[in-house]
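K.L.:
Numbering (our numbering) for the sequence shown: 14 to 127.
A virtual CB, placed ideally from N, CA and C, is assigned to each residue, including glycine.
Everything numeric in this text was worked out from a predicted model, so none of it was measured.
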Amino acid sequence: MFAIAPRKFDGSHLKLPGASGAFVLYGHQKRGIWRIIADGSTYLAHAVGAGKTMTMAAAIMEQRRLGLIAKAMLVVPGHCLAQAAREFLALYPNARILVADETNFTKDKRARFL
């Protein structure tokens, strides 16, 4: 009988060049980063405050650094938009990010923004 073992993701080797030294990511965050890099898409179902935004930001920046992606879109609920942008820039202060808000989606601005 064949058995399938679930894959384990270990991100302990990640160095994250360009990330602010003010943060030390937890093991579950590094595992999440590595899983996103290895699988391409991942559902992060961590508890509130567990560092999902930092995990996603680091995964995006690592994928860009490695040449795996050119652009990424991070979708967050509207009430979390400003906080997500602040956290992304806190971890990667030199990152160039484009943050949408309701003014970008008026009829005359939508096409230019997208």
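Identify whether N117 lies in helix, strand or coil by the three-state DSSP scheme.
P.N.:
For this step, residue 117 is matched to residue 104 along the sequence shown. The answer is helix: DSSP assigns N117 an H, G or I state.
K.L.:
Please look up how many angstroms separate the CB atoms of L94 and M69, rounded, as I've assumed it's under 8 Å.
P.N.:
Your numbering for residue 94 matches position 81 in the sequence shown. Your numbering for residue 69 matches position 56 in the sequence shown. About 14 Å; that fails the 8 Å criterion.
K.L.:
Counting beta carbon pairs with one atom in the region 71-86 and one in the region 26-43, are three or more of them shorter than 8 Å?
P.N.:
Yes: at least three Cβ pairs fall under 8 Å.
K.L.:
Give every residue of the same chain whose Cβ lies closer than 6 Å to the Cβ of F126, excluding the five residues on either side of it in the sequence, and list them in chain order.
P.N.:
Translated into the one-based positions of the sequence shown, residue 126 becomes position 113. Excluding positions up to five away in sequence, the list reads N117.
K.L.:
Since L102 is in the alpha helix (DSSP H), which residue starts that stretch and which ends it?
P.N.:
Locating residue 102 in the sequence shown gives position 89, counting from the first residue. It spans 94-104 - the alpha helix (DSSP H) in which L102 sits, taken as one unbroken run.
K.L.:
Mind checking which residues open and close the alpha helix (DSSP H) that includes G80?
P.N.:
Counted from its first residue, the sequence shown places residue 80 at position 67. First-last for G80: undefined, no H or E at that position.
K.L.:
I need the boundaries of the alpha helix (DSSP H) containing A51, first residue and last residue.
P.N.:
One-based indexing of the sequence shown puts residue 51 at position 38. From DSSP, the alpha helix (DSSP H) with A51 extends over 40-52.
K.L.:
What's the C-alpha gap between P90 and G62?
P.N.:
As a working note, residue 90 is residue 77 in the sequence shown. As a working note, residue 62 is residue 49 in the sequence shown. Cα to Cα, the separation comes out at about 15 Å.
K.L.:
How about L57 and G40: are their beta carbons less than 8 Å apart?
P.N.:
Here residue 57 corresponds to residue number 44 of the sequence shown, with the count starting at 1. Here residue 40 corresponds to residue number 27 of the sequence shown, with the count starting at 1. By the CB criterion at 8 Å, L57 and G40 fall outside the cutoff.
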